[in-house]
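Okay, so here's the structure we're looking at.
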Amino acid sequence: MAECNKIRGTVVLLRKNLSVLNDASLVGKEVCLRLISADAACKANESPGKPAYLEEWSSSKHIGESSFKVTFDWDEKFGVPGAFVIQNNDQNEFYLKTVTFEDVPGDGRIHFVCNSWVYPMERYKNDRVFFTNKTYLPSETPKPLRYYREQELRILRGDGKGGLQEWDRVYDYDYYNNLGNPDKDHKYARKILGGSVDYPYPRRARTGLPPTESDPDSESRLPFLMSLNIYVPRDERFGQLKMSDFLAYTMKSIFQYLKSSLEAIGGTPNEFDSFQDVLKLYEGGADLPDIALLSYIRKIIPLELLKEIYRTDCAQFFEFPKPQVIKENKSAWRSDEEFAREMLAGVNPVIIRRLEEFPPASKLDSKLYGDQNSTITAKHIESNLDGLTVDKAIEKNKLFILDHHDALMPYLRSINTTTFTKTYASRTILFLKDDGL
1 MAECNKIRGT VVLLRKNLSV LNDASLVGKE VCLRLISADA ACKANESPGK PAYLEEWSSS
61 KHIGESSFKV TFDWDEKFGV PGAFVIQNND QNEFYLKTVT FEDVPGDGRI HFVCNSWVYP
121 MERYKNDRVF FTNKTYLPSE TPKPLRYYRE QELRILRGDG KGGLQEWDRV YDYDYYNNLG
181 NPDKDHKYAR KILGGSVDYP YPRRARTGLP PTESDPDSES RLPFLMSLNI YVPRDERFGQ
241 LKMSDFLAYT MKSIFQYLKS SLEAIGGTPN EFDSFQDVLK LYEGGADLPD IALLSYIRKI
301 IPLELLKEIY RTDCAQFFEF PKPQVIKENK SAWRSDEEFA REMLAGVNPV IIRRLEEFPP
361 ASKLDSKLYG DQNSTITAKH IESNLDGLTV DKAIEKNKLF ILDHHDALMP YLRSINTTTF
421 TKTYASRTIL FLKDDGL
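Residue numbers are given in full-length UniProt numbering: position 312 of the sequence shown equals residue 312, and the series is strictly consecutive.
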């Protein structure tokens with residue numbers, strides 16, 4: 001008979017509310033864990049060990065981050081734990097941060113980084129499973145873990161059906177059939193992007209909202225003030241502090257639009273007339289809205305959202321956080337070095353490529369767009385090439401280009417003549433210096 005060992009663990013989690021039970025028989029059994037073996041000789045249906053429960057769950061009155069002890073009976077024939085199942089019998093969800101097992105026979109200490117919300121078990125069709133941070137190739141994954149990993153993958157993929165709730169953990173995708181609002185008026189209908197054989201992309205996260213009444217192929221949209229409730233896997237949502245900031249700055253932006261007195265900041269409504277007008281947003285902001293505007297805002301924005309705006313940092317109503325780049329020097333953003341740094345740190349630096357010909361030439365049809373080749377000359381840039389000529393800099397692979405020109409030019413006429421937004425088809429040449437910065 002195999003020897004039975006005790007494995008002790010520490011569970012760190014964050015509670016939103018105190019324990020609530022509908023069944024008195026579950027006192028002391030609110031949160032249950034069962035270990036899963038990583039032993040290849042163990043079958044999947046034999047792997048989960050005996051249940052163990054978080055100690056002192058009911059007696060703990062602490063809201064926020066807490067640590068709980070748990071003790072397992074672990075039969076040595078199961079080998080080393082590779083995962084665990086957790087069941088939440090409480091009526092409140094909690095955020096599971098880490099689980100650590102001490103003195104595991106044959107392995108010592110095993111640490112799980114979880115960082116996930118765990119809802120009451122009746123919300124799930126399958127148990128929540130967490131794996132150790134040890135990685136395996138598919139062919140080397142122990143059979144018991146392979147079974148649970150495949151099951152986890154099916155859960156995350158979803159089945160493409162039905163509406164999704166906050167406790168679902170589905171990372172499914174859909175085409176863009178929710179860009180318009182045909183129920184409001186036919187003129188607000190929009191074409192569907194993606195979903196065809198020739199153009200399957202772009203894609204968006206599937207939300208499972210019902211179709212519109214006017215067009216069964218279009219998905220309905222939530223009202224503006226409810227748009228924050230659109231489905232996003234709970235683990236991917238903003239944390240409380242981040243959401244508070246997001247709401248505050250969103251509402252401030254809305255108030256800017258509503259507040260007619262802001263026109264006094266600049267001479268032109270809805271526009272900035274100087275960079276100083278922009279800086280005013282970061283240096284003291286504007287006065288609070290008048291009573292009439294506040295009354296109107298209160299009618300369209302729930303009190304809960306308004307409360308988020310008045311944070312303890314005492315920021316003025318229209319004052320935005322100052323960008324890091326101008327905290328020390330208001331003109332720092334205007335330098336070529338900062339412009340290049342922001343390009344490299346941007347959302348898509350991989351479109352920067354090595355410059356192979358100078359001046360840059362366009363591949364657009366000149367019959368449709370005219371001569372779109374660059375008119376920049378060597379005289380324009382050679383003073384910034386550390387003594388190199390343009391040809392020598394290209395030969396030494398020191399010149400690069402960020403070229404938006406050909407990609408944007410076909411759309412410029414439509415954008416600039418039909419919208420208030422103006423855009424430009426720019427080319428930016430970058431020089432690789434020897435200073436290592």
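All C-beta atoms in this analysis are idealised placements derived from N, C-alpha and C, irrespective of residue type, glycine included.
Any chance the CB of residue i is under 7 angstroms from a heavy atom of the ligand MN?
i	result
Glu-219	Of ligands this structure carries none, so the ligand MN is not represented either.
Which residue wins for smallest C-alpha separation from residue i, given the options the options?
i	options	result
Val-104	Lys-379, Ile-415, Arg-190, Ala-38	Ala-38
Leu-14	Leu-35, Gly-106, Ser-116, Pro-81	Ser-116
Ile-376	Lys-367, Val-11, Phe-358, Tyr-171	Phe-358
Ala-425	Thr-389, Lys-396, Gln-372	Gln-372
Ile-429	Tyr-369, Ala-340, Gly-370	Ala-340
Asn-167	Gly-160, Leu-156, Asp-174	For the sequence presented, residue 167 should be read as Trp rather than Asn. When only C-alpha atoms are compared, the closest one is Leu-156.
Asn-5	Asn-89, Val-390, Gly-108	Gly-108
Phe-101	Asn-88, Trp-74, Arg-123, Tyr-124	Trp-74
Asn-89	Tyr-201, Leu-54, Lys-392, Val-12	Leu-54
Arg-413	Leu-368, Val-390, Tyr-147, Lys-392	Leu-368
Ser-214	Asp-336, Leu-222, Leu-193, Pro-182	Pro-182
Asp-434	Lys-392, Phe-112, Asp-386, Asp-391	Asp-386
Gly-49	Glu-65, Lys-61, Phe-72	Phe-72
Thr-98	Glu-338, Tyr-124, Gly-9	Gly-9
Could you name the residues of the same chain whose beta carbon sits closer than 8 angstroms to that of residue i, not counting the 5 residues immediately before and after it, in chain order?
i	result
Asn-416	Lys-422, Thr-423
Ala-205	Tyr-171, Asp-172, Tyr-173, Asp-174, Tyr-231, Val-232
Leu-388	Glu-382, Lys-396, Lys-398
Asp-235	Asn-115, Ser-116, Trp-117, Arg-169
Pro-210	Gly-163, Glu-219, Ser-220
Val-390	Phe-358, Ala-378, Ile-381, Glu-382, Leu-399
Tyr-124	Trp-167
Should residue i be labelled buried (16 or more other beta-carbon atoms within 10 Å of its own) or exposed?
i	result
Pro-410	exposed
Ser-59	exposed
Gly-346	exposed
Glu-30	buried
Thr-212	buried
Trp-333	exposed
Asn-384	exposed
Ile-7	buried
Gln-276	exposed
Tyr-201	exposed
Thr-418	exposed
Ile-351	exposed
Gly-160	exposed
Asn-177	buried
Phe-112	buried
Thr-141	buried
Leu-344	exposed
Arg-34	buried
Taking 8 angstroms as the cut-off, decide whether the C-beta atoms of residue i and residue j are in contact.
i	j	result
Arg-353	Phe-400	yes
Thr-132	Leu-164	no
Leu-355	Ile-394	yes
Lys-184	Phe-94	no
Ile-63	Leu-137	no
Asp-406	Lys-363	yes
Gln-91	Pro-51	no
Leu-96	Val-118	yes
Glu-65	Val-11	no
residue 475	Glu-337	Outside the shown range of the chain, which is 1 to 437, sits residue 475, and nothing can be said about it.
Kindly list the residues whose CB is nearer than 6 angstroms to the CB of residue i, restricted to its own chain and excluding five residues on each side of it in sequence; keep chain order.
i	result
Gly-106	Val-80
Lys-69	Glu-55
Leu-179	Arg-190
Gly-162	Gly-208
Gly-128	Before going on, a small fix: residue 128 reads as Arg here, not Gly. Ile-86, Val-118.
Ser-366	none
residue 438	Here the chain has residues from 1 to 437 only, and residue 438 is not among them.
Leu-408	Ala-425
Ser-261	Low local confidence applies: a pLDDT of 45 at Ser-261 is under 50, so the model's placement there is unreliable, with the coordinate-based value given in what follows. Hits under 6 angstroms: none found.
Can you find a C-beta in chain B that's less than 8 angstroms from the C-beta of residue i?
i	result
Tyr-188	Looking for chain B here will not work: only one protein chain is present.
In chain order, what residues of the same chain lie with their CB nearer than 7 angstroms to the CB of residue i, ignoring the 5 residues before and after it?
i	result
Leu-279	Lys-330
Ser-374	Pro-359, Pro-360, Arg-427
Ile-110	Pro-81, Phe-101, Val-104, Thr-132
Pro-323	none
Using 8 angstroms as the threshold, is the segment 75 to 90 in touch with the segment 122 to 138, meaning 3 or more CB pairs across them?
Flag = yes, the segment 75 to 90 and the segment 122 to 138 touch.
Report yes or no: do the segment 205 to 223 and the segment 176 to 189 share at least 3 C-beta pairs separated by less than 8 angstroms?
The count of Cβ pairs closer than 8 angstroms, one atom from the segment 205 to 223 and one from the segment 176 to 189, reaches three, so the stretches are in contact.
Under 8 angstroms: do the segment 146 to 155 and the segment 196 to 203 share three or more Cβ pairs, one atom per stretch?
Verdict: no, contact absent.
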